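Here the structure is laid out as structure tokens; the discussion comes afterwards.
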Amino acid sequence: MGIASRTKNAAVAVAVVLTATAATLGAAVAPASATADPPGQAATAERGTDGAYTVRVTGEAARSAQAAPPPTTSPPAGSRTFIPNGGGFDCAPEWVCAGVPYGGGIYLFKFRAYARYGLSNWFGTGFVINNQTGRAAARLEDNNLAQRACIPSPAVANGIGWDPIWYIRLTAAPC
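Going by mature numbering (1 follows the signal peptide of the UniProt record, and there is no 0), the letters in the sequence shown line up with residues -36 to -1, 1 to 139, in that order.
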């Protein structure tokens, strides 16, 4: 399914919360030193001494219906892996990791190259981990390319509502 033909559910009202370091889409942004595990979220994340985030997928990820085809990106992300509920993964330094609920778990996408990635079939509530170096940002954009959220590095944004988000853009510029 192409980006231009991507269908969305009913329009979703979105509250954008601006802070000194990030604009998040109804998401909880945790600094690098915090454990991001608010109740009702798709994943928990903790940053280790090596700089990698260790993430555990919670049962909340399964709340997305599996009627749509699996989520994809264009151009392709560095990797796309299905992680079942209760499973885990690492988000290494220099990477941005994003989780999209699907069936009994999440699809995990790992991005490394500065680019704008079109999102197809990204629905439900997930997360973004920006573990890029420096102050590089992960920006979430709608179908008009308007920025809806900006996740600074390093940070975890849990509770991302994917329905109005059509693009993830990695940039060297800070939020």
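Positions of the beta carbon are idealized from the N, C-alpha and C atoms, including for glycine. Note that the structure is predicted; figures quoted are calculated from it, not measured.
Of Ala110, Arg133, Ile47 and Ala102, the smallest CA-CA separation from proline 118 is found for Ala102.
Assigned with DSSP and collapsed to three states, leucine 109 falls in coil, not helix or strand. When the five nearest sequence neighbours on each side are left out, the beta carbons in the same chain lying within less than 7 Å of the beta carbon of threonine 135 are those of Tyr78, Ala100, Ala101 and Arg103, in order along the chain.
Alanine 32 and phenylalanine 87 do touch by the CB rule: their CB atoms are close to 6 Å apart, below 8 Å.
Counting of Cβ neighbours within 10 angstroms places alanine 62 among the buried residues, the total reaching 16 or more.
Annotated three-state conformation of tyrosine 78 is coil, per DSSP. Selection Pro138, Glu105 and Pro116 evaluated against glycine 125 yields Glu105 as nearest (Cα-Cα).
Taking 8 Å as the cut-off, the Cβ atoms of valine 64 and isoleucine 93 do not count as close. Under DSSP, the beta-bridge partners assigned to phenylalanine 53 are Val19. Taking 8 Å as the upper bound for CB-CB distance, threonine 97 and proline 57 are in contact here, some 6 Å apart. About 18 Å separates the beta carbon of leucine 83 from that of isoleucine 47, a gap too long to meet the 8 Å contact definition.
Non-local beta-carbon contacts of threonine 45 in its own chain, meaning distances under 6 Å to residues more than five positions away in sequence, involve Leu72 in chain order. Looking at the backbone, the Cα of glycine 123 and that of aspartate 14 are separated by about 25 Å. DSSP places glycine 123 within a strand segment (E or B) once states are collapsed to three. Around the C-beta of alanine 110, fewer than 16 other C-beta atoms lie within 10 Å, and the residue is accordingly described as exposed. The shortest CA-to-CA distance from asparagine 49 to any of Pro34, Ser43, Cys55 and Gly68 is the one to Gly68. When secondary structure is reduced to three states using DSSP, isoleucine 129 falls in the coil class, being assigned neither helix nor strand.
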